[in-house]
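Scroll down for the structure; my scribbles are underneath it.
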Amino acid sequence: ASFLAHAASCVKDYQCLRNVQQSSRSSTAVNLHIDTTINITNTNAFLIADKKVCIVVRLDKMLVDSRQAKLSITLEGAKIMSISPTKAQYTCLRSEEIKAACGHVKMVRAEWHKQDNMWLVELTEEVDTVWSPNLHLKLLTLFKEMKALRN
């Protein structure tokens, strides 16, 4: 959580700095855009609140591609599950090896076309979900914690 708070602070500082720099330039300045590609593979994200609430998000592959006209996000092998935090070691597995998941997406692509402000989402392969009151309550607690962190 402290990493996310620090990252948000850095983004806000960058935006303030960018606004100051843009206001100091002449009106004929060129709008700059940095094309960015981020590729993340074999990642487990643990979202923990109150040391009793633990949600694991597994991503086999995630590709984020930001261009001037659009933002593209591709997820392959994404699963979400609820676990109870213990002192035992957690073994990181590929998404296809995880059996007790509450949600699974084999492949999803999302594109945001900036000029039209339009989202396009493609679920190209299998999608499985199972209702879990336990996961629902954990997600609710996690969102409340993140909202409190923002304020």
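Here UniProt numbering is used: the first residue of the sequence shown is 1, the next is one more, and so on. For each residue, glycine too, the CB sits at the ideal point set by N, CA and C. Model, not experiment: these values are computed from the prediction.
Do E111 and S84 have their C-beta atoms closer together than 7 Å?
no
Whose C-beta lies closer than 7 Å to the C-beta of E126 among residues of the same chain, with five residues either side of it excluded?
K106
Which residue's Cα is closest to the Cα of L139: R94, E122, T124, G103?
G103
Compare the Cα-Cα distances from N39 to each of D60, L32, Q115 and report the closest residue.
D60
Report the rounded CA-to-CA distance for Q15 versus K99, giving the unit in angstroms.
43 Å
Going by DSSP, which residues form a beta bridge with E76?
K61, M107
Beta carbon of V57 nearer than 7 Å to that of I80
yes
List the residues that DSSP assigns as beta-bridge partners of H113.
K70, M118
For S66 versus T36, is the C-beta spacing smaller than 7 Å?
yes
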